[in-house]
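Working notes, beginning with the structure itself.
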Amino acid sequence: MKTVFSRPASLKDVATHFCPGCQHGLIHRLVADAMDHFGVQQQTIGVASVGCSVFLYEYFDIDVVEAPHGRAPAVATGVKRARPESCVFTYQGDGDLAAIGTSEIIHAANRGENFTALFVNNTTYGMTGGQMAPTTLPGQRSLTSPEGRDVALDGYPMRMAEVIAALDGTAYSVRVAVNSPKNILAAGKAIKKAFEYQLENKGFAFVEVLSSCPTNWGMDALAANERVETEMIPYFNLGTFKERS
Amino acid sequence: MKTVFSRPASLKDVATHFCPGCQHGLIHRLVADAMDHFGVQQQTIGVASVGCSVFLYEYFDIDVVEAPHGRAPAVATGVKRARPESCVFTYQGDGDLAAIGTSEIIHAANRGENFTALFVNNTTYGMTGGQMAPTTLPGQRSLTSPEGRDVALDGYPMRMAEVIAALDGTAYSVRVAVNSPKNILAAGKAIKKAFEYQLENKGFAFVEVLSSCPTNWGMDALAANERVETEMIPYFNLGTFKERS
Amino acid sequence: MSERQLVAGNIAVAMGALAAGCRHYFGYPITPQSDIPAYMSAELRKLGGTFIQAESEIASINMLLGASACGFRAMTSSSSPGISLKQEGISYMAGSELPGLIVNICRSGPGLGGIDASQADYFQSVKTGGHGGYRTIVVAPASVQEMYDLTILSFDLSDRYRMPALLLADSLVGQMKEALELKPYTLPSDLPAKEWAVTGKLWRSDQRIVKSLYLGEGELEQHNWKLWRRAEELKEKEQRSEGKYLDDAKLIVTGFGSAARIAKTAVEMAREAGMQVGFLRPITLFPFPEKAFAEATVSCKQLLCVELSTGQMVEDVRLSVARDAEVAFYGRPPGTGSLPTPEELFAQIQKHYGKGA
Amino acid sequence: MSERQLVAGNIAVAMGALAAGCRHYFGYPITPQSDIPAYMSAELRKLGGTFIQAESEIASINMLLGASACGFRAMTSSSSPGISLKQEGISYMAGSELPGLIVNICRSGPGLGGIDASQADYFQSVKTGGHGGYRTIVVAPASVQEMYDLTILSFDLSDRYRMPALLLADSLVGQMKEALELKPYTLPSDLPAKEWAVTGKLWRSDQRIVKSLYLGEGELEQHNWKLWRRAEELKEKEQRSEGKYLDDAKLIVTGFGSAARIAKTAVEMAREAGMQVGFLRPITLFPFPEKAFAEATVSCKQLLCVELSTGQMVEDVRLSVARDAEVAFYGRPPGTGSLPTPEELFAQIQKHYGKGA
Amino acid sequence: MTHDVFMTGFGGQGVLMIGNLLAYAGILEGKNVSYYPSYGVEKRGGAANCMVMVSDAEIGSPVIGAPSAGIILNQASYDLNIARFKPGAFCLLNSSLIDEGALKRDDLATVRLPLNEMALELGDARLLNMIAVGCYAASCQSVSLDALKGALKKVLPERNHRFIPLNIQAIDLGAAQINKG
Amino acid sequence: MTHDVFMTGFGGQGVLMIGNLLAYAGILEGKNVSYYPSYGVEKRGGAANCMVMVSDAEIGSPVIGAPSAGIILNQASYDLNIARFKPGAFCLLNSSLIDEGALKRDDLATVRLPLNEMALELGDARLLNMIAVGCYAASCQSVSLDALKGALKKVLPERNHRFIPLNIQAIDLGAAQINKG
Amino acid sequence: MPSMKVVIDEARCKGCALCTLACPKKLIRMSEKLNRQGFLPAVFPEACNQDCTSCALCAQMCPDVAITVQKEEKGGAQ
Amino acid sequence: MPSMKVVIDEARCKGCALCTLACPKKLIRMSEKLNRQGFLPAVFPEACNQDCTSCALCAQMCPDVAITVQKEEKGGAQ
Ligand SMILES: Cc1ncc(C[n+]2csc(CCOP(=O)(O)OP(=O)(O)O)c2C)c(N)n1
Ligand SMILES: Cc1ncc(C[n+]2csc(CCOP(=O)(O)OP(=O)(O)O)c2C)c(N)n1
Ligand code: SF4
Ligand code: SF4
Ligand code: SF4
Ligand code: SF4
Ligand code: SF4
Ligand code: SF4
Ligand SMILES: [Mg+2]
Ligand SMILES: [Mg+2]
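Protein chains in written order, with my numbering: chain A, 795 to 1039; chain B, 795 to 1039; chain C, 4 to 360; chain D, 4 to 360; chain E, 11 to 191; chain F, 11 to 191; chain G, 14 to 91; chain H, 14 to 91.
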C-alpha cells in the first residue's frame, strides 16, 4: 500500500480549535501543502492576523509573527524587506483584511510587495461572534445586521480579489472556494501558484478563498458548505482576475 | 455693461494663502460655483482635511468641520447621517485621501454615503514640503524619493477615480483637470454634477481633480500647468468612470 | 421606582445611552463589548437613529466627531486595542471642544491580550493616551446600575464641559447582570445650548467652524489655557467617589470599578473580623476625587490600593493623599484565572493592617 | 575626537540611527520631523537598507514591528498625531517584547495643533498612550549631541531590555543646529543575542513565535509580571539625569528637553545674581530619575518644574521628591509665540526663591 | 444575609439559564442580586460557569473564592471546582454524571441527585437544570420557590412560555427532594 | 563669554545662511555654538529669523528674550523686533530698506549701512548678507574674520565654492565699516 | 484482513460529515457513538474497502485533516 | 474712457501668469512692477478693451479669482 493522502509536513500533528466543518482547517492544509511542495517550510515566516486563524503558529510548524488586527500586510512588508531571502505569507479574514486592514492590503499590493497574501472570506466576523463583515451578503442576518444587511445603509459586499487585481503592483489575484473536491483542487493550485510568484520574485500574489462559518451562520457544516455554492459563489465569482506573466 | 464673471457668493472675498499658480484656489472657486448654482450655500457643511486646503473655512462662507488627516470621509459620514437634510462635501489632497485615508474613502464610497467627495491630486504632499505621494509619478523626484519614484520599491501611482468607480456604492466617479479653459469648464460641470447626485440622493459622488503644486515641483506656475498636460494626464486619464443613472 | 430588570452591564450602557437621547452609534466589533453594538443595531434603526458598523475604530471615532460636531449626542464603544486606535480622534475631539461618549470595556493586554477583566488602561484613559495635552472626563462604574447612570452622567458632563467622556469598565462589570432600575431622564435645564454646532449656515451671519487649528500669535496657548480652565472647573465641581467606614478607619482600601467591588467584600470581611478598615472608591477617575482622599487621610495614614494591573491609579492616590500617608499597592495584572478573590484581598488587608502610624 | 559638524537635531537622530546600525526606516510625512525621512530616503537605499514611506503611521509602526521581529534594528519617526496613531502598534511591540525606536518630534496640540515646540506628549510617552499596561524606554534629548547619543543609547537599551524605546523631542531641539561630534560606535559586547527573532526555522527544532497572545491559565499574568520586572530592572539601572549646582541649592529648577535648555540659562542668570539655585534635568523620562530627585531633595525642599504644557512631568517630580519638598509649576502650553524666554523663567525663579523651608 | 452559589457544568446543560432564573427570582423578592458568567479558556463547547449572589444588603464582589453553595452538573466541573467550596457548603451533585466512588470532600453538605434520569422521567432531558435549581432553592432558601417560578416568565423567551408548567413541575420535583428529607 | 545675535529679514535675504556661517565659524574656533531658526506664522515668503550663540561655555537656551546683538535687514523685521534688544546692544540696520527717520530706540549701539547698494556695488545684490555678517563679526568679535571666511567652504554647497572669493570680499567690506570707524 | 485504504482518525474527527459529501461512492457514514471530543465521528466501514478507489476526495475535503488514504500498489506486494 | 471689460484685482494677483495663457487673444501681459504682496501682477492694458470678447477665459483660469469680466450689453445702454 502506498499513502496517497496524508498530513503535510508543514502542518503540525495537533487538533485545531476550529468549529466542526469550519474550512479554515482545510485552507491551512492547502497552505501547508504549498510549503511542502516548494520545500520552503524552513525558510517560511508566516504572519498571523486577528480572527479565528490567530493561532496559526499552533498549526503550522514554521516561524510566525502575530500582527495587530488588519495590519498583517504591513508587518509582512517589514518582514520581507528585512529578510528578502525568506518566504513570507499573510493569512487574514474578511474583517481583518477588508475592513480595518483595507489600507494595508491595498498599499502592500500597490507597492508590489513580494509576499503571498491569503484571504479567507467567510462573510462574517467569526472570532468575535458573527457581526456583519465587509463581505456579508445583502440580506444576510448577523449580530449587527439583525434584519439582514441593508445595502442602502450598510453598503455593499466588497469583492476584494477584483479590487486587488486592479492595482498595478499586483502580480496575481484569484478567487477560489473549498466547498467541493473540484474547487479544492483548484484552490490548492492557486495557492501554490501564489507561492510560486513569490519564489520567482514576481511580486504581490493574492488568493481569496471562500470559506464557511457554520457557527455564526447558524447552520450545520453541510448546510454551510451548501451556502457557499448557492449564495456566495454567485456573488463572489470564482476566477483569476490578474495573472502577470 | 453686464458682469459675466465675478467671484461666487459662497467664496469669501479674501486672499488665499496658496502659492502663486496653485490650483487649489481655482478648485475652491469651482466648488463655490456649484454651491451658488444649486443655492445650497446655507445648507452646506464642508469637511476640511489636512493638507494645503486645511483652511477651507477661511475661504468658503459656510459651516465647516475639520477632520483629522485622512478621515474626512468618516467625519462626513457622521455629519451627513446626523443631518441628512444638509449638503455635505469633503475636500482632500492625495496624501490625505489616497495614503492615510485609503480605508475611509473606500468604505464611504462602498457604503454609498450620500455626500460629494472632492479629491485634489497634485502628485505630492504639498503642505509638508513635497514628499512622495501615492500619486507621485514614476521617476518623479520628491523629498522622500530623491532619485525619483522607483516603482519596484515605492509602488505605483494610484488611480483613485478608477478604484472608487469599481465599488458598488459609488454613484459617480470622474477625473478632471483645471489646466486649460476647456478642462476647467468640464471640471466645473463635473463638480456640479457631483453635487447634483447628492441633492438627488443618488449616493456617493467622487471628483478627482488634477492640480499643480508649483512650489514642490520646483517649477513656475506656467511650467507646472504644462506638466499637468504632458505628464499627469497621460498617466491619469481624464474621463467619467462611473455614472449611475 | 420603576420595575427592576436583570440586565448585563454592557446592555445597561446601551440603555443608558438611549435614555440620555443618544441616537448615533458608531463602532467596530471587539470582544468583550460586542453586546453594545448588537443591542444598538437592533434598537437604533427602529428609533430612526444611526447605527453604523464602521470599517475600523478610527473611522468610528471620526464619525462620532462628525455627528457630535452637528450638535447631537453620539457615542462609540470599543475595547483596549480599539481604544488605542481612537487616540488621535479623541485628541481632535478634545481640541475641537466636542462632547461625545467613548466606552472602553477593557481587555487584558498589552497587545492582543485576552478578554479578561483588566484595569491596565487607567493611564491611557486618565493621563490621556492621545497627543497634545488635553483632558477627558473618565467615569468608572462598578455596578450595572452605575453602567446605566454614569453613561447618562457622562453625556451630561460631556455636553456641559464640551469635553469627550470616557466610560472605563471591563468584562466583569460589562458581563455581570444585576437589577437595573430605569430612572426617567430629563435633560438638565441649565445645559448650555450648542451654539457651536454646524448646521449649515441657515442664513446666520457667522460661520460655525469646528476645529483644533489655532495658528495666530498666542492663540493656541490661549486655547490650551481655556481647556485647562475647564478641566480645573471640572475638578472643582465634579469629583465623585463612594466612601464607607471612613470615620474610624485605620486602613483604607481603595480601587475602582471591578477591583473595588471585590475589595469591598474584603473590607466587609475585615469589619466582620473586627478590624477598622475603610473603603474609598473613585467613581470619577478624571476628575480624580482628590478631595475625598485628602479628607480621608487627615486621620487615616495607611492605604491599600488594589488594581487589576501592575499599578497605575496608585500614582494618583499617592498624589492625592496627605503627605504622611503611606499607600501600599496590590495588583493582579489580568489574564485567564487572574481575578483576585475577596479572600485574597482580605489576606492583603491583614498584611497591611496596623502597620501604619 | 572626530571633527565637529554643524548639524540640526533631526539630522543627528538620523545619523545616530545609522551609526547604531539601524538599516530599516518606516515613516509617514509630518512636520516638524520631515528632515529625518528626507535624510533616510537619501542614505538608506545607498546602504542597501530599507526606506519605506508607508501609507500611514499605522502601517509604519507595523512595518517596524515586522522588521524588528526579524531581529534587526529598525525605527520610525513621526510627530504627535502620528504617534497617537501608533499607540496600538507600540502596545503590540511591548507585549511582543520587541525592541525598536520610535522618534516623536512633538507638535503642539491637541488635535491638529501647530508645529511649535511642545512637551504636551509627556503623558502619552511616559504613562504609555497604548492599552494594556506596559512600559517603554523614553529618552529626552536637550541638545543636538544628545539627539545623536541618545538615539544610539535607545537602540542599545531597547535591545537589552526587549522593550520599544521612544525618543521625545520637539522642533526646538529638532531644528536647532549645534556642533555634533560623531563618536565611533561599537555594539555592546554583552547585548544578548536575539534568539527570539524569526528567520524561518532553518532546521531549528523549535518554532519562533513573536506574539502578545497568552491564553493559558495564568500565562498572561506571568507575562505581565515579566514585563514589569524588566521595567523595574530598567528603573534600577538606567536612570539618567543631569544636575548642576545641586549641593547648596535652595531652589532646584527642573524640566526636560527644550524647556530644560531655556531653564538652564535662567539658572545661570540666577547664579550670576548670587542666588543659590540648582538645576536637575531628567535625561531618561522612563525610567524617571527618581533617585536623583530623592537625593537632591534631602537638603533642598523647594522645586520649580518648567514645562511647555499645562503640567505633566510635574506629577512624576512630585512622586519622586522627598515628602516635605514643595514642587511649584510653571507652564507655557505651546503655540505660535509661546516659547518662554530665559528672562521669563528667571522671573519665575525670583518669585519662588526663598519661599520654601 | 447574603447567599452565593456557584453553578457549573458543560455548555448545553443550562447552567447560565438557571443562574439568570435565580437572580431574577431574587429581584422579584426585592433583593439585591448579581449574576456573573464565565466561560473558561475554551471558547467553544467547553465549561459554563456562573456565580449568583442574592442578598438583603448591597453586593460587593460578584465572585468569591470559596462559595457557600454549589450546583455541579458533570464530572469535569466537579474535578475542577470542588476544592474551592467553603467547608459545610451545600453542594448539589448530578450523580448521573459524577462518579460517586471518587468524591473528594466529606466536609460539605452534599446532596446527590441523578438529574439526567429524573429529567428524562419528567419527559425532557433538558429539565435537569430546573430540578437542580429547585432543589438548591428549597435547601438554601435564598429565594422562595414561588419567586423562582415567577421568574420563569421573565427569563424564558416568549415562545417558550408554554413550557412554564413543565418547568414548574421540575422545580417542584427538585424542591421535593429536600422537603421530603 | 557668550555672544548672541538675532538676525532677521525676509525670505531670500540670506539670513539663515549667515546664521549657519557664523555658527560654523564658531565651531572652527573650538567654541560651542547654537543656531536656531524660526519662521513666524507666515509659512511662505514671510519673515526669516535666526538666533546664533557662540560661547566658550556650554550654551543653555538657544533663544533669548533680549538679544545683545542684531542684524536687521528690512523694515518689517525692524518694526517687529527692535523692542526686544537689550539696552546697549549692537545693532546693524540695513539702511537701504529701513527708514532712518523712524528709528525707535536710541539706547542701542546702532550701525547703519546701505547694504543693498553696497552689495550691488560689489557686483551681486545677494552679497548683502555677507557684508552684514562681516560687519557684525568685526564689531562684536564673537568669531574671527578668518574663521568666518574658513566656514564658507563648510556652508556653501560645493557648486558655489567658486564664489568664495567674492564672499570674502563682501565680508571684508562689512568688517571695514567698523575698523575704519 | 486487508489493511484499510481509508483511515479516519477518530480523535480528530469533528463529525462535520463533509467527507461523506465528497466521496463519489458514498462509502463514508457517520457514527452514532460520540467520540471523546463529544462529536459523532465519520466511519469508513471495513466492508467498503473493496469499493474504495483511493481517490482521496474524502481526505481532500476534510477540514480537520483527519483522513489518511492509501492505495494498493500496482502489481501487488513484490 | 469706456469702462474696462476685464478688471484685475492687483492686490489679489500673485503673478502666476496663467491668465495670459488662457486668453485666446493674448491680451493680458505681466507687469514689471511689484505689487504690495511682492508679486509682478497681470495687467489688462486699456488698449485691449476693444479686442476683448469678454469670453472670461482669463478669469476662469485665475487660481486667485482676481479677475472680473464684464460684457457690453447688447443694444447699448437703453
Ligand atoms: C483593533 C482591534 N479591533 C477589533 C478586534 C476584535 N476582533 C478580533 S477578530 C476580529 C474579526 C474577525 O473576523 P475575520 O477577520 O473575518 O476573521 P474570522 O474570524 O472570520 O476568520 C475582530 C473584529 C481586535 N482584536 N483588534
Ligand atoms: C496623522 C497625521 N499624519 C501626518 C500629518 C502631516 N500632514 C499634514 S498635511 C499632509 C499631507 C498633505 O498632502 P496632500 O493630502 O496631498 O495635500 P496637499 O497639501 O498636497 O494639497 C500630511 C502628511 C498630519 N497632520 N497628521
Ligand atoms: S467561528 Fe466560524 S470561522 Fe471561527 S472557527 Fe468557528 S466556524 Fe470557523
Ligand atoms: S505647496 Fe503646493 S499645493 Fe500647497 S499651496 Fe503651494 S503650490 Fe499649492
Ligand atoms: S478515497 Fe475516494 S472512494 Fe475512498 S472513501 Fe475516500 S472519497 Fe470515497
Ligand atoms: S470531514 Fe473530517 S472532520 Fe468531517 S466528518 Fe469527515 S473525517 Fe470527520
Ligand atoms: S475676457 Fe477673454 S478676450 Fe478678454 S482678456 Fe479675458 S480671455 Fe482675453
Ligand atoms: S491668473 Fe490671476 S493670479 Fe495669476 S497672473 Fe493672472 S490675474 Fe494674477
Ligand atoms: Mg471572517
Ligand atoms: Mg497633494
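A virtual CB, placed ideally from N, CA and C, is assigned to each residue, including glycine.
query, result
"Can you confirm whether the segment 889-909 of chain A touches the segment 887-902 of chain B when touching is taken to mean that 3 or more C-beta pairs between the two stretches lie within less than 8 Å?", "yes"
"Under DSSP, the alpha helix (DSSP H) around Arg233 (chain C) begins and ends at which residues?", "Glu222 to Lys240"
"In the DSSP assignment, what are the bridge partners of Asp14 (chain F)?", "F:Met63"
"Can you name the residues that DSSP bridges to Gln83 (chain G)?", "A:Thr797"
"Against Met952 (chain B), what residues of chain A qualify as contacts under a CB-to-CB distance less than 7 Å, listed in chain order?", "Asn904"
"Any Cβ of chain E within less than 7 Å of the Cβ of Ile265 (chain C)?", "yes"
"Using the C-alpha atoms, what's the distance from Ala120 (chain C) back to Asp89 (chain E)?", "25 Å"
"Do we get a CB-CB distance below 7 Å when we pair Ser215 (chain C) with the residues of chain D?", "yes"
"Within 10 angstroms of the Cβ of Thr64 (chain C), are there 16 or more other Cβ atoms? Answer buried if so, exposed if not.", "Checking the displayed sequence, the identity of residue 64 (chain C) turns out to be Ile instead of Thr. Buried: at least 16 other Cβ atoms inside 10 Å."
"Can you tell me which residues fall inside 5 Å of ligand 9, judged by beta-carbon distance to its nearest heavy atom, and keep chain order?", "A:Gly887, A:Asp888, A:Asn916 and A:Gly920"
"Taking the C-alpha atoms as reference points, what is the distance between Thr300 (chain C) and Ala45 (chain C)?", "48 Å"
"Taking His27 (chain C) as the query, report the chain B residues whose CB atoms sit under 8 Å from its CB, ordered along the chain.", "Gly872, Arg875 and Ala876"
"Should Asp77 (chain G) be labelled buried (16 or more other beta-carbon atoms within 10 Å of its own) or exposed?", "buried"
"What's the gap between the Cα of Arg321 (chain C) and the Cα of Leu254 (chain C)?", "15 Å"
"Taking C-alpha atoms, which residue in F:Ala58, F:Gly19 and F:Glu68 lies nearest to Glu181 (chain D)?", "F:Glu68"
"Can you tell me the Cβ-Cβ gap for Phe989 (chain B) and Phe799 (chain B), rounded? I've got them flagged as a contact below 8 Å.", "Rounded, the Cβ-Cβ distance is 20 Å, inconsistent with contact."
"Is there a C-beta anywhere in chain A that falls below 7 Å from the one on Met316 (chain D)?", "no"
"In whole angstroms, give me the CA-to-CA distance for Met954 (chain A) and Pro932 (chain A).", "16 Å"
"Is the CB of Ser67 (chain G) under 7 Å away from at least one CB in chain A?", "yes"
"Verify the contact flag: Leu38 (chain F), CB atom, against every heavy atom of ligand 7, threshold strictly below 6 Å.", "no"
"From which residue to which residue does the alpha helix (DSSP H) around Ser161 (chain C) run?", "Val147 to Tyr164"
"Taking all protein chains shown into account, do 16 or more other C-beta atoms lie within 10 angstroms of the C-beta of Met63 (chain F), making it buried, or fewer, making it exposed?", "buried"
"Determine which residues share a DSSP beta bridge with Val1001 (chain A) and list them.", "A:Leu912 and A:Val968"
"Quick one: Cα of Glu52 (chain E) to Cα of Asn908 (chain B), how far?", "The pLDDT assigned to Glu52 (chain E) is 45, lower than 50, so where the model puts this residue is not dependable; a value taken from the coordinates is nonetheless given after this. Rounded to whole angstroms, Glu52 (chain E) to Asn908 (chain B) spans 44 Å at the Cα level."
"What residue range is occupied by the uninterrupted alpha helix (DSSP H) comprising His355 (chain C)?", "Pro345 to His355"
"Does the structure place the segment 998-1015 of chain A close enough to the segment 913-925 of chain A that three or more beta carbon pairs sit under 8 Å?", "yes"
"Just to confirm the assignment, what range does the beta strand (DSSP E) spanning Met78 (chain C) have?", "Ala77 to Ser81"
"What residue range is occupied by the uninterrupted alpha helix (DSSP H) comprising Arg1038 (chain A)?", "Counting along the chain, Arg1038 (chain A) falls outside any alpha helix (DSSP H), and DSSP gives it neither H nor E."
"Indicate whether at least one CB of chain D lies closer than 7 Å to the CB of Val51 (chain F).", "Its pLDDT being 48, under 50, Val51 (chain F) is placed unreliably by the model, and the measurement read from it follows with that caveat. Yes, Val51 (chain F) counts as interfacial toward chain D."
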